[in-house]
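Enquirer: Here it is, the structure in full.
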Amino acid sequence: MSKNYSLRSLLVRPEVATFLMFLAIMIGFYIANERFLDARNIRIVMGITPEYIIVAIGIAILMISGEFDLSVGSVFALVPMTIVQMVHQGIPPWFAIFLGLMIGIIVGFVNGFITLRFGIPSFIATLGMLYIARSLTTVATAGFPPPFPHILPNELFVYQFELFRASLYWALLVAVVLGVMLHRSNVGNWIYATGGDQNAASSMGIKTGNVKMFCFILCGFLAGFAGMIQTFRLEAPLPSQGYLLELESIAAAVIGGVSLFGGIGTVFGAVIGAILIRFLESGIIMARIDAEWFRAGLGSLIIIAVVFNTYISRRATRIGQNKAKD
Amino acid sequence: MEDIIVCEGLNKYYSGVHALKDLSLKIKKDSVVGLIGDNGAGKSTLIKILSGAHQPDSGHIYFEGNKVKFKSTKEAMNLGIETIYQYSALIPEMSIARNIFIGREQTQYNVGNFGLMKTKTMQDDAMKALTDVELHLRSPDTPVNQLSGGERQGVVIARAMYFKSKVLILDEPTNHLSVKETNKVLRFVEGLKSQGVTSIFITHNLSHVYPIADHLCVMARGEKIADLDKKDTTIDHLTDLLVNG
């Protein structure tokens, strides 16, 4: 194997392409406004990014297993809202956090159960859940957003250090643990196999239903956990929190090289995708472009990323097949 | 020679259709059995039952003299019956090494059924398994979608060999393959005999299986219509059976 070949096989990895895109955008906005990479701006952007990273990882893993979750934005609001309301009802903070996170798990389970038991697309099952969970959140506010109970241990999750918040370290912990799970453990192998070709996977004895259920539950849990972190940071539970987050996290995953058809993607790609979106938003503001252009930028980025990934994966297949004929 | 698989009076209905009619079959150890028949003859039903994917409505299966009842493909695989389906049982985007070990990963630091994969061991063993079936590929990290059709079948056969299968069921392994690739696959299958593996080769293309088969079994309309040693038959006779039932 020549060195040239291994360099080429590195470049065709989708998350590497994403990383290069990330560097290009960072440099571009830095040229537009030097203060884009000031400690101050990095502190602001990285202060809000961890929540998106966590949701994007959950979505990415679920998409790799071949399913979707459109309800993450609503779960992102429902979980912290329930935690806050339970604390107001006198439930001890840590127990309320435990119960709140269980709601994320239950929503994930219900999403998986409906999808797998009735054999309907997860797109539909979780679209329904998007409305149901959002509705429940609004009902739980009882018409008026409750105040944030300061007995909740929010500093543990969002304490502002010199440059980064504690939430970034939580996000990194999630990324490392789930990265190892996805890329190094046998469960990860089953997830890729299930998303890559469900028939082949189950004929090799993999319980593809269980694998998918695990990914649904993981995704629900992470969405709730991330939502809790955002509420802890803002110190205000808002029923509108996480609005349109489902699309943004799918965007992060896709920009990071996760395939819409399952079987392809990495945790690293999803992390970079989520960071990229937040810096894009900041860069557009810092470059004194009308902030309304953010969505146009994001939209273009999604399309470019997928077109580019499709192109390089076709090329990679062709290189490989030519090699095989040698 | 002893029989490794004996089927007695297997019947299977699919929503009222009698797909397998009172089928009995004996398969000798270390032989290549060609199972031929036109589309809809019941070949697929029979192998789904032998591989544990479906259960017969009546009848018995004996494996190495013991009566068996497979509730899943996993149970059949554990006993050493491995099936290679028409659609390749490989995940296109995954590497050769990962494909070989799907569902049977070598792991360490286990917690229950879960653990971290021994990547290096799996890569080395994958290469060794490929070499054992005379398949020489560049790297165990190559994604399967970069291999030719014949090479993919080779990987699947290498996988079955690695896990010490006793019986290999090949469902139309030469479908959609070029002549050159077909010959490659036939050589793989022929090589299995000397390694103590019995293979059941399902095809509707008699010319593919005839050169390598020891025994031929012809099916039509869910029934076995002929069950012959190769020495007792000719390709013309078999063609006649296939065409005229």
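Going down the list, the protein sequences come from chains A and B. Take the first sequence: its letter number 116 is residue 144 in the working numbering, and every next letter is one higher. Take the second sequence: its letter number 108 is residue 1218 in the working numbering, and every next letter is one higher. Using N, Cα and C, we set each Cβ at its ideal position, and we do this for glycine too.
1. Against chain A, does residue 1069/B count as a neighbour if the rule is that its beta carbon must be under 7 Å from one of theirs?
2. To which residues of the same chain is residue 12/A closer than 6 Å at the C-beta, ignoring the five residues directly before and after it?
3. What does residue 282/A reach in chain B if we use C-beta pairs closer than 9 Å?
4. Between residue 1272/B and chain A, is there a C-beta pair that is closer than 7 Å?
5. Taking residue 1181/B as the query, report the chain A residues whose CB atoms sit under 7 Å from its CB, ordered along the chain.
6. Under a CB-based cut-off of 7 Å, is residue 1238/B close to chain A?
7. Curious, which full-length beta strand (DSSP E) runs of at least 3 residues does the region 1215-1272 of chain B contain?
8. Determine the DSSP secondary structure at residue 1132/B, reduced to helix, strand or coil.
9. So does residue 1125/B have its beta carbon nearer than 6 Å to some heavy atom of the ligand ZN?
10. Could you check the C-alpha separation between residue 243/A and residue 259/A for me, to the nearest Å?
11. Can at least three beta-carbon pairs, one atom from the region 1298-1313 of chain B and one from the region 1332-1340 of chain B, be found at a separation below 8 Å?
12. Measuring alpha carbon to alpha carbon, tell me which of 332/A, 300/A, 330/A, 125/A ends up nearest residue 44/A.
13. Taking only beta carbons into account, state which residues of the region 1277-1293 of chain B come closer than 9 Å to chain D, listed in chain order.
14. Would you report the Cα separation of residue 87/A and residue 270/A, rounded to the nearest angstrom?
15. Is there a Cβ of chain B sitting closer than 7 Å to that of residue 212/A, yes or no?
16. Which residue from 191/A, 100/A, 267/A puts its Cα closest to that of residue 164/A?
17. Express the C-alpha separation of residue 1293/B and residue 1116/B in angstroms, rounding to a whole number.
18. Taking the alpha carbon of residue 249/A as the reference point, which residue from 46/A, 104/A, 331/A, 93/A has its own alpha carbon closest?
19. Tell me whether the beta-carbon of residue 291/A lies closer than 7 Å to the beta-carbon of residue 223/A.
20. Is there a Cβ of chain B sitting closer than 7 Å to that of residue 337/A, yes or no?
21. So with CB distances below 8 Å, who are the chain B contacts of residue 215/A?
22. Taking 7 Å as the CB-CB limit, is residue 1199/B close to chain A?
23. Compare the Cα-Cα distances from residue 1227/B to each of 1236/B, 1217/B, 1233/B and report the closest residue.
24. Identify the contact partners of residue 1195/B in chain A, using a Cβ-Cβ distance below 9 Å as the criterion.
25. Smallest Cα separation from residue 1323/B: which of 1155/B, 1122/B, 1142/B?
26. To the nearest whole angstrom, what separates the beta carbons of residue 1326/B and residue 1114/B, a pair I think is in contact under 8 Å?
27. Beta carbons nearer than 7 Å to chain A: which residues of the region 1204-1228 of chain B have them?
28. Given 8 Å as the limit, is there contact between the region 1190-1204 of chain B and the region 1271-1285 of chain B, that is, 3 or more CB pairs closer than that?
29. Taking the straight line between their C-alpha atoms, what separation do you get for residue 286/A and residue 1331/B?
30. If you drop the 5 nearest sequence neighbours on each side, which residues of the same chain put their C-beta closer than 7 Å to that of residue 116/A?
31. Alpha carbon to alpha carbon, what distance is there between residue 113/A and residue 168/A?
32. Could you check whether residue 46/A and residue 297/A sit closer than 7 Å to each other, using their CB atoms as the reference points?
33. Going by DSSP in three states, residue 1329/B sits in which element: helix, strand or coil?
34. How is the alpha helix (DSSP H) around residue 182/A delimited, first residue to last?
35. How many Å lie between residue 335/A and residue 1251/B at the Cα?
36. Hey, could you find the ends of the beta strand (DSSP E) residue 1168/B is sitting in?
Expert: In brief:
1. Because chain B here runs from 1111 to 1355, residue 1069/B falls outside it and cannot be looked at.
2. The question about residue 12/A has no answer, for chain A in this structure spans 29 to 354.
3. Simply none; closest approach about 16 Å.
4. Chain A contact via Cβ: absent.
5. Simply none; closest approach about 12 Å.
6. So no, residue 1238/B is outside the interface.
7. The region 1215-1272 of chain B contains, as complete beta strand (DSSP E) runs of 3+ residues, the segments 1217-1221, 1224-1227 (chain order).
8. Three-state DSSP puts residue 1132/B in a strand.
9. The ligand ZN is not among the ligands present in this structure, which contains no ligands whatsoever.
10. A straight-line Cα-Cα distance of about 24 Å links residue 243/A and residue 259/A.
11. Cβ pair count under 8 Å is below three, so no.
12. Among 332/A, 300/A, 330/A, 125/A, the Cα nearest to that of residue 44/A is on 300/A.
13. Note that chain D does not occur in the displayed structure, where the protein chains are A and B.
14. Roughly 14 Å separates the two Cα atoms.
15. The beta carbon of residue 212/A sits closer than 7 Å to some beta carbon of chain B.
16. Considering only alpha carbons, the answer is 267/A.
17. When rounded, the separation of the alpha-carbon atoms in residue 1116/B and residue 1293/B is 30 Å.
18. Comparing alpha-carbon positions, the option among 46/A, 104/A, 331/A, 93/A lying closest to residue 249/A turns out to be 104/A.
19. Yes, the Cβ-Cβ distance between residue 291/A and residue 223/A is below 7 Å.
20. Chain B, which has no Cβ nearer than 7 Å to the Cβ of residue 337/A, makes this no.
21. Close partners of residue 215/A in chain B (Cβ separation under 8 Å): 1224.
22. Chain A, which has a Cβ nearer than 7 Å to the Cβ of residue 1199/B, makes this yes.
23. Cα-wise, what sits closest to residue 1227/B is 1217/B.
24. Neighbours of residue 1195/B in chain A, taken as residues at a C-beta separation under 9 Å, are given in chain order as 227, 228, 231.
25. It is 1142/B.
26. That belief does not hold up - the Cβ atoms of residue 1326/B and residue 1114/B are roughly 17 Å apart, past 8 Å.
27. Across the region 1204-1228 of chain B, CB contacts with chain A closer than 7 Å involve 1204, 1208, 1212, 1213, 1215, 1217, 1224, 1225, 1226, 1227, in sequence order along the chain.
28. Cβ pair count under 8 Å is three or more, so yes.
29. In a straight line, the C-alpha of residue 286/A is about 46 Å away from that of residue 1331/B.
30. The residues are 174, 177.
31. CA-to-CA, the gap between residue 168/A and residue 113/A works out to about 7 Å.
32. Against a cut-off of 7 Å, the Cβ pair of residue 46/A and residue 297/A comes out as a contact.
33. Residue 1329/B falls in the strand class under three-state DSSP.
34. Here residue 182/A belongs to no alpha helix (DSSP H), and DSSP marks it neither H nor E.
35. Taking the CA atoms as reference points, residue 335/A sits about 25 Å from residue 1251/B.
36. Its beta strand (DSSP E) spans residues 1168-1173.
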